[in-house]
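K.L.:
So the protein lines, in turn, are chains A and B.
To convert a position in the first sequence, counted from 1, into the working numbering, add 310.
To convert a position in the second sequence, counted from 1, into the working numbering, add 123.
Structure in structure tokens, see below.
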Amino acid sequence: MVHVAVATRAFRRYSTYRAATLAGIFTNSVFGVIYSFAYLALWSANPTAGGYDAQDAVTYVWLGQALLMTIALWGGGATDDLAERIRTGDVAIDLYRPVGIVGWYLASDLGRAAYHLLTRGVGPTLIGFLVFHISLPSSPLTALAFAVSLVLAVVVSFAIRFLVASSAFWLLDQSGVKVMSGAFAIFFSGMMLPLVLFPGWLGTLARALPWASYVQVPADVWLGKHTGVDLLAALGFQVLWAVVLLVACQGVLRLATRKVVVQGG
Amino acid sequence: MAEAGAALHLRSYFQIAWLWIRAAWQYPTSFVLLALGNGLITGLDFVGLWIMFAHLDDLKGFTLHEVALLYGSASLALAVADTAIGSVERIGTYIRTGRLDQMLTKPVPLLVQVCADQFTLRRLGRLTQAAVVFGWACTYVDWTPLRVLVAVSMLLSGGLVFFGLFVGFSCVQFWTTDATEFANAFTYGGATVTQYPLNIFPREVLVGLTFVIPVAFVNWYPCLYLLGRSDPAGMPEAFQFASPLAGVLTMAAALLVWRSGVRHYTSTGS
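Here is the structure:
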């Protein structure tokens, strides 16, 4: 399977940078500590804010730090390679390959995400567990559902990042669009503040947008906020966005290859 | 003579910076989107705080406009430092690619070159947003001449503290070239800490933020004075006027680390 081979190599590629990984875990943990104290202050003043209790809130903080790199919230990952190859014109070679571009880069990004999950994901989670006694999934079923939700989170995030990278077909440089998209991702994923705290229409909007799949949905699954049919609906929400966005990726790619002249080297 | 030297360095800095502004303008759409995006990130940051206050009357005794004063002043200090010298974070890349060797051969001090390299005006977004929040929060302060003085010195000293943190912690990369993120814990971490009233943290954290990573002087102590509040942690009142000292000390420490880093540097040979 060519896609497995691509994913394995992406995994190995990222595992080269050990010092960077350690530095990253340290930094995520520092932010975890800061936000934990901020949320503890908030929830001690309002113990039921957003339907969370203080332990839910602190768990949410550490899950967010663990997911940050896995879902590549700031952008980056395999799609950065794509954007660079569009800029240099190397994407022409990708278009020649007998494998679809979207599948190729998705495999590569899943490999990257697996590496980041095992290091930048597990690291902060352990520290959060030891220092702030965050809660763990209450049953094997919850843990399994979280695993599924996590993979879907990466796929949704990949599709959005792929669309952002594709903007380079027209703009040559993705960095402006990337920063804009990162800004929305941070706010609407619930990374900055759990979406359950968002009031009124803003909350309704935030929970309907694809970014909710990044942090809010997986975290709620982990916390056991969804059970039974509700759990299926939460995962279905992620599947829906994953499908819609991947179809959009294919569409944009077709448009780009038809309309855009690749830059010569 | 030393004065002339400093002016010359400053001129070199602006020349290099101007070069990079023109280079960035080659991709105008990206340039505009980058500035907007950065403004948006920090703007939404404040919306986050504001949403927090929809569920609260006060955060450990501090109201929204008091937290806005803390947030605005720290953001402003960070934005100034980041715009001026944020590129120093990339020193690991320069070492890896061998660009640092090229820079060492040029007749401009290395620190000036590194800080001005890839200068970007996109941080203007953050600067504007921080200034707006700070300005709004300032309308709630009961101004006296001494408070104006403390406020001005707070912004300048805050900039110096962040300058020191950026330069100092980036020097880690002279020893290990791929650990850029390590510095983020102290620079952006420091900026995040200072968005909140520091009495939400345990006393040990406050002591650390006062004596080890002195970000408490960026806004916490001077803002207590501006707001006319007694220190909830009972720290000496003199601290509320000590920001310039903290700024100069941080900067001096960072320059020492920088010097020993450059001395330690041996090219990667690539």
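In this text, a Cβ means the ideal position worked out from N, Cα and C, and glycines have one as well.
It should be emphasised that the depicted structure is a prediction, and the values quoted were computed from it without experimental measurement.
1. Check whether the region 501 to 512 of chain A touches the region 350 to 367 of chain A, taking contact to mean three or more Cβ pairs, one atom from each stretch, closer than 8 Å.
2. With distances taken between CB atoms, is the gap from Leu167 (chain B) to Ala493 (chain A) smaller than 8 Å?
3. Could I get the ranges of all uninterrupted alpha helix (DSSP H) runs contained in the region 439 to 507 of chain A, with 4 residues as the minimum, in chain order?
4. Taking Ala330 (chain A) as the reference, which of B:Phe309, B:Pro337 and B:Asp301 has the closest Cα?
5. Tell me whether the region 355 to 372 of chain B and the region 334 to 341 of chain B touch, counting them as touching only if at least three CB pairs, one residue from each stretch, are closer than 8 Å.
6. Go ahead and label Phe137 (chain B) buried or exposed: buried means 16 or more other beta carbons lie within 10 angstroms of its beta carbon, across all protein chains shown.
7. Whole angstroms are fine: how far does the CA of Gly209 (chain B) sit from the CA of Val231 (chain B)?
8. Which of the three DSSP states is assigned to Phe185 (chain B) in this structure?
9. Taking Cβ-Cβ distances below 7 Å as the criterion, which residues of the region 477 to 490 of chain A are in contact with chain B?
10. Between the alpha carbons of Arg517 (chain A) and Leu227 (chain B), how many angstroms are there, rounded?
11. Does Ala191 (chain B) get closer than 8 Å to chain A when you measure Cβ to Cβ?
12. Taking just the CA atoms, how far does Gly486 (chain A) sit from Val155 (chain B)?
13. Grab me the residues of Val525 (chain A)'s own chain with a C-beta within less than 6 Å of its C-beta, minus the 5 sequence neighbours each way, in chain order.
14. Classify Asn338 (chain A) as helix, strand or coil using the three-state DSSP reduction.
15. Would you list, in chain order, the members of the region 327 to 340 of chain A that have their beta-carbon closer than 7 Å to a beta-carbon of chain B?
16. For the candidate residues B:Ala130, B:Phe257, B:Ala191 and B:Tyr388, whose alpha-carbon lies nearest to that of Cys294 (chain B)?
17. Shortest alpha-carbon distance to Asn307 (chain B) belongs to which of B:Gly221, B:Ser280 and B:Val211?
18. Below 8 Å on the Cβ atoms is my guess for Tyr194 (chain B) versus Val273 (chain B); work out the distance and round it to an integer in Å.
19. Is Ala552 (chain A) close to chain B? Criterion is C-beta to C-beta, closer than 8 Å.
20. Against chain B, which members of the region 503 to 518 of chain A pass a CB distance test of less than 7 Å?
21. Can the beta-carbon of Gly329 (chain B) be found closer than 8 Å to that of Val264 (chain B)?
22. Would you check if the distance between the CB atom of His313 (chain A) and the CB atom of Ala417 (chain A) is smaller than 8 Å?
23. The region 346 to 361 of chain A: which residues have C-beta closer than 8 Å to a C-beta of chain B, in chain order?
24. Using a beta-carbon distance cut-off of less than 7 Å, what residues from the region 314 to 344 of chain B approach chain A?
25. Examine chain A for any beta-carbon lying closer than 8 Å to the beta-carbon of Phe154 (chain B), and answer yes or no.
26. Let me make sure I understand the geometry here. Which of B:Pro359, B:Leu283 and B:Asp354 has the alpha-carbon closest to that of Ala204 (chain B)?
27. Quick one: does Tyr150 (chain B) have its CB under 8 Å from some CB of chain A?
28. Curious, which full-length alpha helix (DSSP H) runs of at least 4 residues does the region 289 to 334 of chain B contain?
29. Exposed or buried, what is Ala127 (chain B) when buried is set at 16 or more other beta-carbons lying within 10 Å of its beta-carbon?
30. Is Met124 (chain B) close to chain A? Criterion is C-beta to C-beta, closer than 8 Å.
31. Tell me which residues share the same chain as Asp419 (chain A) and place their Cβ nearer than 6 Å to its Cβ, disregarding the 5 neighbours each side in the sequence.
32. Would the region 173 to 189 of chain B count as touching the region 233 to 250 of chain B if we require 3 or more Cβ pairs under 8 Å?
33. Closer than 8 Å, CB to CB, is Gly575 (chain A) near chain B or not?
34. With a CB to CB cut of under 7 Å and the five nearest residues on each side skipped, what residues in its chain are close to Leu519 (chain A)?
35. At which residues does the alpha helix (DSSP H) containing Thr152 (chain B) begin and terminate?
36. Under three-state DSSP, which class holds Phe242 (chain B)?
P.N.:
Looking at the atomic coordinates:
1. yes
2. yes
3. 450 to 476, 478 to 481 and 485 to 498
4. B:Asp301
5. yes
6. exposed
7. 18 Å
8. strand
9. Leu481, Leu482, Asp483, Ser485, Gly486, Val487, Val489 and Met490
10. 52 Å
11. no
12. 7 Å
13. Gly374, Leu377, Ser499, Gly500 and Met501
14. helix
15. Tyr327, Ala329, Ala330, Ala333, Gly334, Phe336, Thr337 and Val340
16. B:Tyr388
17. B:Val211
18. Not really, about 18 Å apart at Cβ, beyond 8 Å.
19. no
20. Leu503, Leu507, Phe508 and Pro509
21. Reading off the sequence, residue 329 (chain B) comes out as Leu, not Gly. No, Cβ-Cβ distance for Leu329 (chain B) and Val264 (chain B) is not below 8 Å.
22. yes
23. Phe347, Ala348, Leu350, Ala351, Leu352, Ala355, Asn356, Ala359 and Gly360
24. Thr315, Val316, Tyr319, Ile323 and Phe324
25. yes
26. B:Leu283
27. yes
28. 295 to 298, 303 to 316 and 326 to 334
29. exposed
30. Low confidence applies here, because Met124 (chain B) scores a pLDDT of 44, under 50, leaving its location unreliable and the question unanswered by this model.
31. Gly387, Ala388 and Phe468
32. no
33. Low per-residue confidence applies at Gly575 (chain A): pLDDT is 47, beneath 50, and the placement is therefore not dependable enough to give any value.
34. Phe498
35. Pro151 to Ala177
36. coil
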